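Q:
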């Protein structure tokens, strides 16, 4: 079986043969289960289905491996407080000579990723997403880990401007710069830290029928300014469903504009990085940039 598509220059080769060896050596009780790559694996992790009830998830790159221990510690604590299933690790894989990082075996969560532009019930999905975000924000932040994206927009200024510079001739860089500079003048999040998912993108959501059935990939989770979880308004929801999402989250004008700027910044950085290695993610980044620049909702 061929290796999974590599997303990063320093990514190790991760294929079914490697994963079979890892499972057989560390979890022999599962060694006879069928194994197959998951086509919709994310940019940061490779995913393999193990039997009918399990999944194996392996970081593709060093900076993604840092979230494995955080997920093991926090996801079992968050899961009972959330209205939809999330991937709780069942077993902790260790690094070996053939693979350098911690990895996980999780319960398989069924469903299908939503398809941007083809949502049959976007208003229902907007309410489901907002309910999940509100439930996550309601969890006591306590000693939760700081989220890399739970920071003021100014912390994203340098990489965002660098990405704009790499996209000349590809997007309307003048409009993107103007929106970004306007966003930098917005007031910062006025409240205290709250829990956030950090990457509510179509590839991290599952639907059953028309309803949200699970939320995946908590590698960017943590506490801080939770504005980044508004990004689903532009990377997934159509314009007509955004007001319902905004109302359910009680996002004022400043929060909404910060969320839109977060969506733009993430898409601007993703597009040149994944343009040739992850066509689906690059296509969604282009979609987000178009939607954000066309949005006049504030």
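Numbering (UniProt numbering), first residue to last: 1 to 298. Here a beta-carbon is modelled for each residue, glycine too, at the ideal position from N, C-alpha and C. Computed from a predicted model, the values in this text were never measured in an experiment.
(1) Spatial neighbours of residue 152 within its chain, please: CB distance less than 6 Å, with the 5 preceding and 5 following residues excluded, ordered by chain position.
(2) Going along the chain, which unbroken runs of the alpha helix (DSSP H) with 4 or more residues stay wholly within the stretch 19-107?
(3) If contacts are defined as beta-carbon pairs under 8 Å, then residue 288 and residue 255 qualify, I think. What distance do you get, rounded to the angstrom?
(4) Whose C-alpha, out of 174, 181, 197 and 164, is nearest the C-alpha of residue 146?
(5) Whose C-beta lies closer than 7 Å to the C-beta of residue 128 among residues of the same chain, with five residues either side of it excluded?
(6) Roughly how many angstroms separate the alpha carbons of residue 183 and residue 171, rounded to a whole number?
(7) Which first and last residues belong to the beta strand (DSSP E) in which residue 214 is found?
(8) Give the straight-line distance between the Cα atoms of residue 163 and residue 157, rounded to the nearest whole angstrom.
(9) Measuring only the C-alpha atoms, how far is residue 174 from residue 273?
(10) Please classify residue 259 as buried or exposed, where buried requires at least 16 neighbouring CB atoms within 10 angstroms.
(11) How should residue 59 be labelled, buried or exposed, when 16 other C-beta atoms within 10 angstroms of its C-beta is the threshold for buried?
(12) With distances taken from CA atoms, which of 21, 64 and 66 is nearest residue 96?
(13) Which class does residue 249 belong to by DSSP, given the choice of helix, strand or coil?
(14) Say whether chain C places a C-beta atom closer than 8 Å to the C-beta of residue 271.
(15) Can you check the stretch 163-209 for any alpha helix (DSSP H) of at least 4 residues that lies completely inside it and give the ranges in chain order?
(16) Leaving out five residues before and five after residue 135 in sequence, what residues of the same chain have Cβ atoms less than 7 Å from its Cβ?
(17) Per DSSP, which residues does residue 223 bridge with? Please list them.
(18) Compute the Euclidean distance between the alpha carbons of residue 193 and residue 155, then round it to the nearest angstrom.
(19) May I have the straight-line CA-CA distance separating residue 14 from residue 55, to the nearest angstrom?
(20) Rounded to whole angstroms, what is the Cα-Cα separation between residue 247 and residue 150?
(21) With a cut-off of 8 Å on the beta carbons, I'd call residue 109 and residue 89 a contact; round off their distance for me.
A: According to the data block:
(1) The residue you call residue 152 lines up with position 152 of the chain shown. Closer than 6 Å at the Cβ level, and outside the excluded window around residue 152, lie 188.
(2) Annotation: the stretch 19-107 contains the following complete segments of the alpha helix (DSSP H) (minimum length 4 residues), in chain order: 62-65 and 67-78.
(3) Numbered from 1 along the chain shown, position 288 holds the residue referred to as residue 288. Numbered from 1 along the chain shown, position 255 holds the residue referred to as residue 255. Their Cβ separation, rounded to whole angstroms, is 18 Å, which puts residue 288 and residue 255 out of contact at 8 Å.
(4) Working through the chain shown from its first residue, we reach residue 146 at position 146. For residue 146, the nearest C-alpha among the options comes from 197.
(5) By one-based count along the chain shown, residue 128 stands at place 128. 211 and 212, listed in sequence order.
(6) Locating residue 183 in the chain shown gives position 183, counting from the first residue. Locating residue 171 in the chain shown gives position 171, counting from the first residue. If you take the alpha carbons of residue 183 and residue 171, they lie about 19 Å apart.
(7) Translated into positions along the chain shown, residue 214 becomes position 214. Segment 211-215, the beta strand (DSSP E) holding residue 214.
(8) Along the chain shown, read from residue 1 onward, the residue named residue 163 stands at position 163. Along the chain shown, read from residue 1 onward, the residue named residue 157 stands at position 157. Rounded to whole angstroms, residue 163 to residue 157 spans 10 Å at the Cα level.
(9) Position 174 of the chain shown, counted from the first residue, corresponds to residue 174. Position 273 of the chain shown, counted from the first residue, corresponds to residue 273. Cα to Cα, the separation comes out at about 20 Å.
(10) For this step, residue 259 is matched to residue 259 along the chain shown. Buried is the call here.
(11) By one-based count along the chain shown, residue 59 stands at place 59. With 16 or more other Cβ atoms within 10 Å, it is buried.
(12) As a first step, residue 96 is located in the chain shown; it is residue number 96 there, counting from the start. When only C-alpha atoms are compared, the closest one is 21.
(13) Residue mapping note: residue 249 aligns to position 249 of the chain shown, counting from 1. Residue 249: coil per DSSP, three-state reduction.
(14) Given the protein chain composition of this structure (a single chain), no chain C is represented.
(15) 173-184
(16) Here residue 135 is taken as the residue at index 135 of the chain shown, counted from 1. Excluding residues within five positions, the ones whose Cβ falls inside 7 Å are 81, 82 and 83.
(17) For this step, residue 223 is matched to residue 223 along the chain shown. Residue 223 is bridged to 146 and 195.
(18) Along the chain shown, read from residue 1 onward, the residue named residue 193 stands at position 193. Along the chain shown, read from residue 1 onward, the residue named residue 155 stands at position 155. Taking the straight line joining both Cα atoms gives about 16 Å.
(19) Your numbering for residue 14 matches position 14 in the chain shown. Your numbering for residue 55 matches position 55 in the chain shown. Looking at the two C-alpha atoms, the distance is approximately 15 Å.
(20) As a working note, residue 247 is residue 247 in the chain shown. As a working note, residue 150 is residue 150 in the chain shown. Each residue's Cα considered, the two are about 21 Å apart.
(21) As a working note, residue 109 is residue 109 in the chain shown. As a working note, residue 89 is residue 89 in the chain shown. That belief does not hold up - the Cβ atoms of residue 109 and residue 89 are roughly 12 Å apart, past 8 Å.
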